[in-house]
Amino acid sequence: MIRFILFAGLGLLLACNNSVPEFDARRSFADLERQVDFGPRVPGSEAHAACALWLEAELKKNADRVVVQSFTHKDKHTGKNVPMKNIVASFNTRPGIKRIMLAAHWDSRPRADQDKLENQHRPIPGANDGASGVAVLLEIARALKHQPPAFGIDIVLFDGEDWGREGELDEYFLGARYFAANMGKYRPVYGILLDMVGDARLSLPVEYNSWRIAPHVVNKVWDTAARLGYSAFQKRSGPAVSDDHIPMIEAGIPFIDIIDFAYPDENHAYWHTLQDTPDKCSPQSLKTVGQVLLHVLYEEEN
315 MIRFILFAGL GLLLACNNSV PEFDARRSFA DLERQVDFGP RVPGSEAHAA
365 CALWLEAELK KNADRVVVQS FTHKDKHTGK NVPMKNIVAS FNTRPGIKRI
415 MLAAHWDSRP RADQDKLENQ HRPIPGANDG ASGVAVLLEI ARALKHQPPA
465 FGIDIVLFDG EDWGREGELD EYFLGARYFA ANMGKYRPVY GILLDMVGDA
515 RLSLPVEYNS WRIAPHVVNK VWDTAARLGY SAFQKRSGPA VSDDHIPMIE
565 AGIPFIDIID FAYPDENHAY WHTLQDTPDK CSPQSLKTVG QVLLHVLYEE
615 EN
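Written out as structure tokens, the structure reads:
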């Protein structure tokens, strides 16, 4: 009887260790709102600097190591050097182990160029386009703290994704470009980018470049979502999107982009407007994406 109890207890312990954490939607949504409360996180602004300090502090509560990767970008229109920073949080830093990378951009767009003319000079709040992906990753970081993975995970918050003017791709994805150019020997087995994942009417088709480059990662994520019953993940072809995953793909890393580009739907757009506010987002949408990612991570083979 004693031996049976000991083995039963050991089995329960192992089951608990292998269980998938529950994603806290309310706490994640509070992180989304907190970012927006700083104001538009436009590089070079006070709101941007304050939010960076907060993000760094939040990640330091949970990660084994946090590195701030500072760089400057010379704007080709103004000639000004704009300070930017990527924030990199690493979990399980043992050398030589498999690593997976999760990413989102934390800056917000300096101009609402999809809004009506009188608003186009104003920066966007960036609740969905910026804050949503970060909010999901902050909550995943808490889960990784309490249930450390057997392999390495790196959460990278990219700066300068949305700096460029319409049609000028050379001034977009600045943080991702800088990170990819300065990776050294860092080579995650794959990466997952989150962008615009907070839409209350969440719809996630498969971004075309993701399927073209990393179908095995797409299948891993979308099949997990289907198994869990999250119908927002739709296994159909979506548009090809230029985003932070492209510099990583060009650096040789299989990288996918989980993105809802129809925000809120095909006929209306809050994207790059002053209407990109928390009331257009939903805690349940953050949970949908976050819970799927937690299952992907905790069911990953070492």
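Going letter by letter, the sequence shown gives residues 315 to 616 in this note's numbering. All C-beta atoms, glycine included, are put in the ideal place defined by N, C-alpha and C. Computed from a prediction, not measured in an experiment: that's the story for all the values here.
Proximity of residue i and residue j at Cβ, strictly below 8 Å
i	j	result
L611	V450	no
A426	L607	no
G604	S342	yes
F487	P568	no
V470	Y504	no
G512	C595	yes
V396	H387	yes
L416	I454	yes
D509	D557	yes
I573	V555	yes
R515	D593	no
For residue j and residue i, believed in contact at Cβ under 8 Å, the rounded distance
i	j	result
K374	D473	Contact flag wrong, Cβ pair sits at about 18 Å.
N376	R456	5 Å
I411	G466	5 Å
A418	G440	With 8 Å as the limit, A418 and G440 do not qualify as a contact, their Cβ atoms being about 11 Å apart.
P335	Q461	6 Å
W585	Q428	6 Å
G444	R355	7 Å
R379	P502	Not really, about 15 Å apart at Cβ, beyond 8 Å.
Residues bridged to residue i [DSSP beta-bridge criterion]
i	result
P551	A small correction: the amino acid at residue 551 is Ser; Pro does not occupy that position in the sequence shown. DSSP output for S551 lists V520 as bridge partner(s).
M415	D468 and G505
C595	D513
D579	H582
V381	V402
The beta strand (DSSP E) enclosing residue i, as first and last residue numbers
i	result
F343	Segment A339 to D351 is the alpha helix (DSSP H) holding F343; no beta strand (DSSP E) there.
Y504	Y504 to D509
F569	F569 to I573
P439	Here P439 belongs to no beta strand (DSSP E), and DSSP marks it neither H nor E.
S404	N395 to F405
Enclosing alpha helix (DSSP H) for residue i [first to last residue]
i	result
N376	Where N376 is concerned, there is no enclosing alpha helix (DSSP H), given that its DSSP letter is neither H nor E.
M562	H559 to E564
L431	Unbroken run through L431: none, as it is neither H nor E.
V532	P529 to L542
Coarse secondary structure for residue i, derived from DSSP in three states
i	result
T386	strand
H586	coil
E613	coil
R491	helix
S446	helix
F321	Because F321 carries a pLDDT of 38, less than 50, the predicted location of this residue cannot be relied on, and no value is offered for it.
K499	coil
R408	coil
H460	helix
H420	Sequence inspection shows Trp at residue 420; the His mentioned does not correspond to that position. Here W420 sits in coil by DSSP.
E290	Within the shown structure, residues of the chain are numbered from 315 to 616, placing residue 290 beyond reach of any answer.
H362	helix
K601	helix
D476	coil
N331	For N331, the pLDDT reaches just 46, beneath the cut-off of 50, and the residue's location in the model is therefore unreliable, although a value from the coordinates is still provided. Helix at N331.
R355	coil
E453	helix
L483	helix
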